[in-house]
Amino acid sequence: MMNTPRTPTALAHALLQARHSGELLDADDWADVVRTPADAQAVQAAMAPALGWRVAGSQQGPGRVPGYWKSGAPRRDAPLTHAPLPEEGVWASPSVAGGAPLHLRGIEAEIALRLGRDVTAEMAAALQPGEGLELIDGITAAIEVVDTRWRQHLKAPPLLLAADGLCHGALVLGPWQDASRLLPRESPRDWSAQVCRLRVGAAPLQAFTGTHPLGDPLWLLAGWLQELVRRYGSVPAGTVVTTGTWNGLAFAQAGDLVVAELDGIAEARLQL
119 MMNTPRTPTA LAHALLQARH SGELLDADDW ADVVRTPADA QAVQAAMAPA
169 LGWRVAGSQQ GPGRVPGYWK SGAPRRDAPL THAPLPEEGV WASPSVAGGA
219 PLHLRGIEAE IALRLGRDVT AEMAAALQPG EGLELIDGIT AAIEVVDTRW
269 RQHLKAPPLL LAADGLCHGA LVLGPWQDAS RLLPRESPRD WSAQVCRLRV
319 GAAPLQAFTG THPLGDPLWL LAGWLQELVR RYGSVPAGTV VTTGTWNGLA
369 FAQAGDLVVA ELDGIAEARL QL
């Protein structure tokens, strides 16, 4: 490490290499590189060319707007955080993790939403928290595998965890369902009654009711879209966002079958 330049770009390259090799980085070696949320975003931006993404801040140019995102907050009065997800780690259910290098195998059962139309900066600016349902054409259950490229795992500094894609390992998406049918505008869904069922390996089935941290997974749409238009100018139809965990964080082991079901919506399965 002594001869390695410690810059956001160097950290981006090291994280990309670690994502493929399974090697873990020492957070102590990089703590002085990421001191602010802007530094963490700079690391994400430096990954863009290698992942085929447009560099954040350029509304035109080579690459595409990342098609998959995670977004969320622990409560409504906390800042939302957002991270693009590498497409190679987004899998359709049922899926087998295979040789993907995973260390923690943290499990979050989530709801994913898909945009049904392009979103302009003007459209995003007009949204208030909880609004934007009319922009969504698909909804499904999802399993996010929480993982990290840091030797200290989740005890690494929060800004380093943010730079590392907010601890993203992989994402499994269930079959897409028609949002207009499951989320009718004339009859809002009662998210406080929404049941999430999660089974991890041989552990007992767990059920969670109304446990989304924001109370409503649609709550973050406005903030997420406003952040994306700030970075890219507009957001294309088909872009997908996961919206936060219903179960907190569970841990799985290699060989476990993980099943997440959001009652009345969809189911996702992952064989680790």
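For any residue, its number in my numbering is found by taking its place in the sequence shown, counting from 1, and adding 118. Ideal Cβ placement from N, Cα and C applies to all residues, glycine included.
By how many angstroms is the C-alpha of GLN159 removed from the C-alpha of ILE225?
Approximately 24 angstroms, taken between the alpha carbons.
Does the stretch 337–345 come close enough to the stretch 294–307 that 3 or more CB-CB pairs lie under 8 angstroms?
Taking 8 angstroms as the limit for Cβ pairs, the verdict is that the stretch 337–345 does not touch the stretch 294–307.
Only counting the same chain, and skipping five residues up and downstream in sequence, which positions put a Cβ closer than 8 angstroms to that of GLY234?
Answer for GLY234: LEU253, ILE254, ASP255, GLY256, ALA297 and ALA355, listed in chain order.
Let's test the definition: count the other Cβ atoms within 10 Å of the Cβ of LEU133 and tell me whether it reaches 16, buried, or not, exposed.
Its Cβ being crowded by 16 or more others within 10 Å, LEU133 is buried.
Flag this pair as touching only if the stretch 139–148 and the stretch 267–276 have three or more C-beta atom pairs under 8 angstroms; answer yes or no.
At 8 angstroms Cβ cutoff, the stretches touch.
Distance check for THR154 and ALA201, CA to CA, integer angstroms please.
When rounded, the distance between both Cα atoms is 15 angstroms.
Out of curiosity, what's the CA-to-CA distance linking ARG349 and GLN178?
Going from the Cα of ARG349 to the Cα of GLN178 covers about 11 angstroms.
Which runs of the beta strand (DSSP E) at least 3 residues long sit entirely within the stretch 198–279? Give them in chain order.
The stretch 198–279 contains these whole beta strand (DSSP E) runs: 199–202, 208–210, 224–233 and 254–264.
Helix or strand or just coil, what does DSSP make of MET119?
Confidence in MET119 is poor, its pLDDT being 47 and thus under 50, which makes the residue's placement unreliable; the coordinate value appears in the next sentence. Of the three classes helix, strand and coil, the one that applies to MET119 here is coil, per DSSP.
Starting from GLY190, follow its DSSP beta bridges and name the residues at the other end.
Looking at the DSSP assignment, GLY190 forms a beta bridge with THR199.
What's the gap between the Cα of ALA128 and the Cα of LEU332?
Going by the C-alpha atoms only, they are around 35 angstroms apart.
Mapping the DSSP letters down to three states, classify ASP381 as helix, strand or coil.
Residue state, collapsed to three classes: coil.
Which of helix, strand or coil does DSSP assign to ALA340?
The answer is helix: DSSP assigns ALA340 an H, G or I state.
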